[in-house]
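In the numbering used here, the protein residues as written are 664 to 1281.
For each residue, glycine too, the CB sits at the ideal point set by N, CA and C.
Model, not experiment: these values are computed from the prediction.
Below: one structure, written as structure tokens.
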């Protein structure tokens, strides 16, 4: 045990000579004080009768006298203490700091020393003592060594520390002790001197533990936690048989446990440990005659200790545990930096989405909707882009779901609607001799529920001067099919206004054909998965699947019977366009005609025949 230096011990005060008031008054003033008088007769009796061990030590560090209490405490013969090396008796040389302080005190350069030492008694038991060393005032430089037995106090303190650092239910180390060990393991001094320099962590959570507490009570829940802790400890001990040491098992709170692997050898070691943990947890538990079966989800992290902090490691473990839960539970998942980066990016986008609308970071591109018969642009679909200052240009699939979750889709949707309608009107003014083209705008279901979409559309059309027939609103099939109440009322109101309603990605959702006839829909947009089956060329060796064309043709004929037009998405080859034209598809959209482009590029395409010949390709 290392000692801590303190001021002079109270024992030194016993040796200070007494001075009377008359002596103070009659003593002449001199440059140097007179030599101290000899100690009073009571000094020797106090030294002998003291309840704790005492010894006088000369400036060479040798014991010149000791009381019986010290001999009894150390289990030594009183005569053997005289002439003994004092530092050896109480282990003062076991650490450099204490040894240096002791030597300085013997040389008269220090006024006191106090430290705690663990000694081995000749009878074999451990002995904790508090050692105090202080100078005696007499000439010669002797010091007084006092030794007090604090074993009972130390044991009590150890018990209190154990209670504070261990979980009362499972008797495992708790969160406090776990983080102390984790912090120590990540200290460079602990891994730079040897070992693998790596660290691993299995972060475990019981699946459905709350249901056990709710249905069977907390007493059974505590029994289950204690049984789980016992199995985890056994797994850790088995893993430690083939390694330098067993992993530390701790309960972090609730039904969360952690196994810390210091000097790990790689992900394979952590994977083996996680597998054994899953297997041992899945075996049924017998608790007071009640048989319970539970499973666990485990997040596994393994990495270099250098550059890692306890907070970063636990955040990674917590994230990975969440992945294991989200992926179906009863499994372990290894931390994936790329997956985590995507999650972090998603969080960063969500936190900056609303301010980005106000900062004007969004822009629209437009993809032509081309007539299958005349290869002319009949309309365009407005596609939003986010010019993010950090992540670059982002397409809708990166942020629209976030906007729907936090409600920012409503102000964002209003901006898209106004911008697209204003641009459509500008094209109409710029090309008065060409038939006006319509603009198609995507609408999320939350816009229908959380805003007055009918009023927003009416205000926008009045503000921009665009005719209602030149605006098309697209909703996904899953959002429209099976809807009732307000969504259908909104769609009917918009249709009555003259706005075109299109069902996007048709064929991938409910496909409730009977319900389709009752919806105020103008256009069906066939999902690209149907069109991709048309990619073969007539001369290709592999014959096409006849079912693809039969299904598409049936949907086109059904739509036409209902008075609807059909747009095919993802048209990429001339062969696709030819087959779609043959089965009666009205318009096509895809890279055969053009990718999403700027408004200026659309102006160049207006009135140009033969778009699929390459005029519209950027």
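- Of the residues assessed, residue 877 falls on the exposed side of the cut-off, its CB having fewer than 16 other CB atoms within 10 angstroms.
- The beta carbons of residue 953 and residue 883 sit closer together than 8 angstroms.
- Membership of residue 898 in the alpha helix (DSSP H) is indicated by the continuous run 881–904.
- Counting other Cβ atoms within 10 Å of its Cβ, residue 1018 stays below 16 and is therefore classed as exposed.
- In this structure residue 921 is in contact with residue 841, their Cβ atoms being roughly 6 angstroms apart against a cut-off of 8 angstroms.
- Non-local C-beta neighbours of residue 988 in its own chain, meaning closer than 6 angstroms and more than five positions away in sequence, comprise 960, ordered along the chain.
- Look at residue 1028 here: in three-state DSSP terms it is strand.
- By the neighbour-count criterion, in which a residue is buried when 16 or more other Cβ atoms sit within 10 angstroms of its Cβ, residue 1056 is exposed.
- Residue 1039 carries a coil assignment under DSSP once its states are collapsed to helix, strand and coil.
- Only residues of its own chain outside the window of five on either side were considered, and among them 902 have a CB closer than 8 angstroms to the CB of residue 935, listed in chain order.
- When DSSP states are grouped into helix, strand and coil, residue 813 belongs to the coil group.
- When DSSP states are grouped into helix, strand and coil, residue 866 belongs to the strand group.
- Comparing alpha carbon positions, the residue from 832, 975 and 780 closest to residue 814 is 780.
- Residue pairing of residue 962 in beta bridges, as defined by DSSP: 866 and 996.
- Going by DSSP, residue 932 is part of the alpha helix (DSSP H) stretching over 930–945.
- Note that the C-beta distance between residue 1092 and residue 1135 is not below 8 angstroms.
- The beta strand (DSSP E) runs of length 3 or more contained entirely in the region 1095–1157 are, from start to end of the chain, 1101–1105 and 1134–1139.
- Beta-bridge partners assigned by DSSP to residue 1230: 1188 and 1250.
- Distances from the CA of residue 1086 to each of 1130, 900 and 712 were compared; the closest alpha carbon is that of 1130.
- Closest in alpha carbon position to residue 1214, among 1193, 1059 and 861, is 1193.
- Taking residue 909 as reference, the option from 900, 1166, 915 and 719 with the minimal CA-CA separation is 900.
- When secondary structure is reduced to three states using DSSP, residue 831 falls in the coil class, being assigned neither helix nor strand.
- Taking each of 777, 928, 889 and 968 in turn and checking the Cα distance to residue 918, the smallest one comes out for 889.
- Under DSSP, residue 1070 forms no beta bridge with any residue.
- The criterion of a C-beta distance shorter than 8 angstroms is satisfied by residue 726 and residue 744.
- DSSP, read as helix, strand or coil, puts residue 1211 in helix.
- Counting the other Cβ atoms within 10 Å of the Cβ of residue 1112 gives fewer than 16, which makes it exposed.
- According to the DSSP secondary-structure assignment, residue 725 is paired through a beta bridge with 748.
- C-alpha of residue 1187 to C-alpha of residue 1235: approximately 19 angstroms in a straight line.
- Under the DSSP assignment, residue 925 falls outside any alpha helix (DSSP H), being part of the beta strand (DSSP E) whose first and last residues are 919–925.
- Within the same chain, 1067 and 1072 come within 6 angstroms of residue 1109 by CB-CB distance, once the 5 residues on both sides are set aside.
- In the displayed model, residue 713 falls within coil according to three-state DSSP, outside both helix and strand.
- The continuous beta strand (DSSP E) containing residue 1167 extends over residues 1163–1169.
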